[in-house]
Amino acid sequence: MKTLEWRALFGQGAERIQASTIRELLKLTQRPGIISFAGGLPAPELFPKAEAAEKAAEILKEKGEVALQYGPTEGYLPLRAFVAEWLGVEVEEVLITTGSQQALDLLGKVFLDEGAPVLLEAPSYLGAIQAFRAYGPRFLTVPTGEEGPDLEALAEVLKEGPRFLYLIPSFQNPSGGLMPLWARERLLEMVMEKGLLVVEDDAYRELYFGESRVKSLFELAREAGYPGVIYLSSFSKILAPGLRVAFAVAHPEALLKLTQAKQGVDLHTPVLNQILVLELLKEGLLEHLSRVRRVYRDKAQAMLEALEKEMPKEVAFTRPKGGMFVWMELPQGLSAEALFHKALEEKVAFVPGGPFFALGGGENTLRLSYATMDQAAIAEGVRRLGKALRALLTPA
Ligand SMILES: Cc1ncc(COP(=O)(O)O)c(C=O)c1O
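Just so we're aligned: 33 in full-length UniProt numbering is position 33 of the sequence shown, and the numbers increase by one with no gaps anywhere.
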C-alpha cells in the first residue's frame, strides 16, 4: 500500500490535540486481577437495566417515528421541560447536550480563541482541560482544595480578565472538594463586581452524603439577578453515562450561540436516548437518587475506614462529603507515578494527579475513585496500596 504523509495533512488544531497520558496508564489498570480505583466511572450496579429495557421497547413501539427521526438541536422538548421544572428555570434556557463533555467543547468554540485567558482550578477535570486546549487558550489556574478555590489567589488571577472561570464547586473532579456556601457567595461577589462569566460544572450535583445540596453558584447568581453563570449537569452519574444525555442552562443569548455551535457538531443528541432518560426520570427519580447517594456514601465510608487503618501518617487524604473521589497527597518529593508502578505490582491502581494540573505540578498527588468497587474490594485495594506505599517510603 502507498504511504501518506499524514502529519503534513493535519491542520494546526491537530497539533493541540495530544494523547492523554492518563489513557495510556489506564490501559495498564485493566489487566486481570487488578483492583482499580483509577477510572471515574459510575457504579454499574446502579444502572436501571431492567427498567431501561422495558421503557426502550415501549418507546420504540409507541413513539418510534419520533424516537428514530431527526430532532431539534435544543433537545426533545418534554425533556427540556422536565429539566426546566427540576431546576426552576425557563424551557428556553435549557439545551440538551451529548454528555457534558460536549457542552465543554461548545463553550470552547463559542467563548475561547487562541491566546484567550481562561481560568481553571488546579487540579481540574481532565476532560475540560482537553476540550479547552483544542482552542489554544492561555490557562490561568488557582489552587483548589477541600473547600474549593483559594479565594485570595483567585482575586489576583481575576485581574487578568479570563473569558470565563471553569469551576466544579460540588464534589470536584479530581479533588472531591466542596465549596461551602460562604465561599460561593464571596466568589460570586468578586465575579459580579468584574462582570465575568462563570461556567459551573455540576456533574456530581445529586451525589451528596449529607442532608441536602449546597446551593449552586447558578442559583445564587439568579437570586442576585446576575445572568453570568452557565450551568452544566448530566445524567451520566445518576442514570447511565452510556446514554450521553446532559444539559446546559444559560441566558438565552448565550444558549442560542451554543445551540448554533451544536448544530455543526451533531445536529442533536440522540432522540431515543433523550426520551428514555425522560421516561426513567418520571419513574421514581427521588427514590432512585436516594439509593444512588446511599451506595456512594457507603463506598466512601469503606474507603475512608480502610485509609485510616492502612495509610502511613506522612500521607494526607481528603474526606469527601459527596461524589466519587478521594484525593491524596504524598510527602513532597515522592512521585505518584512511581507509586503507580509499584502499586501495579501489588495489583491495585489509581490515577496520578499530575495531568489534572493544566500548568503542571501536583506530581505528589493522586486520585482514588471508590465508585466501581464493592466494599470488600475497596478494603483489599487500600491494603495493597498501603503496602506499595510503605515499600516506597522505606526502600530496602
Ligand atoms: C466534572 C465533570 N464534568 C463533566 C464530565 C463529563 O460527563 P458526561 O458523561 O456528561 O460527558 C465528567 C465525567 O467524569 C466530570 O467529572
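For glycine and all other residues, C-beta sits at the position ideal for the given N, C-alpha and C.
The criterion of a C-beta distance shorter than 8 Å is satisfied by residue 172 and residue 144. Separation of residue 9 and residue 135 (C-alpha to C-alpha, rounded to the nearest whole angstrom) is 19 Å. In this chain, the beta strand (DSSP E) harbouring residue 248 covers 246-249. Pairing residue 269 with residue 29 gives a Cβ-Cβ distance that is not under 8 Å. Under the 8 Å Cβ criterion, the stretch 246-259 counts as touching the stretch 219-237, having at least three qualifying pairs. In the assembly as shown, residue 23 is an exposed residue. Its beta-carbon has fewer than 16 other beta-carbons within 10 Å. In terms of CA proximity to residue 391, 346 leads the group 54, 114, 181, 346. With the rule of 3 Cβ pairs closer than 8 Å, the stretch 282-297 does not count as touching the stretch 91-108.
Inter-residue distance for residue 193 and residue 25 is about 43 Å (C-alpha atoms, whole angstroms). In the three-state DSSP reduction, residue 266 falls in the helix class (H, G or I). Of the other Cβ atoms in all chains shown, 16 or more fall within 10 Å of the Cβ of residue 101; this residue is therefore buried. Residue state for residue 35 is assigned as strand, using DSSP reduced to three classes. When DSSP states are grouped into helix, strand and coil, residue 115 belongs to the coil group. Per DSSP, reduced to three states, the secondary structure at residue 367 is strand. Boundaries for residue 290: no beta strand (DSSP E) harbours it, while the alpha helix (DSSP H) harbouring it runs 285-310, taken from the DSSP string. Here the distance from the Cβ of residue 43 to the nearest heavy atom of ligand 1 is not below 7 Å.
Residue 327 sits buried, since 16 or more C-beta atoms from the chains shown fall within 10 Å of its C-beta. Short of 7 Å from the beta carbon of residue 280, and not among the five residues preceding or following it, lie these beta carbons of its own chain, in chain order: 48, 51, 52, 55, 239. The set of residues with a C-beta under 6 Å from any non-hydrogen atom of ligand 1 comprises 40, 99, 100, 101, 125, 127, 168, 173, 201, 203, 234, 236, 241, 246, given in chain order.
Here residue 252 carries a helix assignment [DSSP, helix/strand/coil].
A residue is called buried once 16 or more other Cβ atoms fall within 10 Å of its Cβ, and residue 70, having fewer, is exposed.
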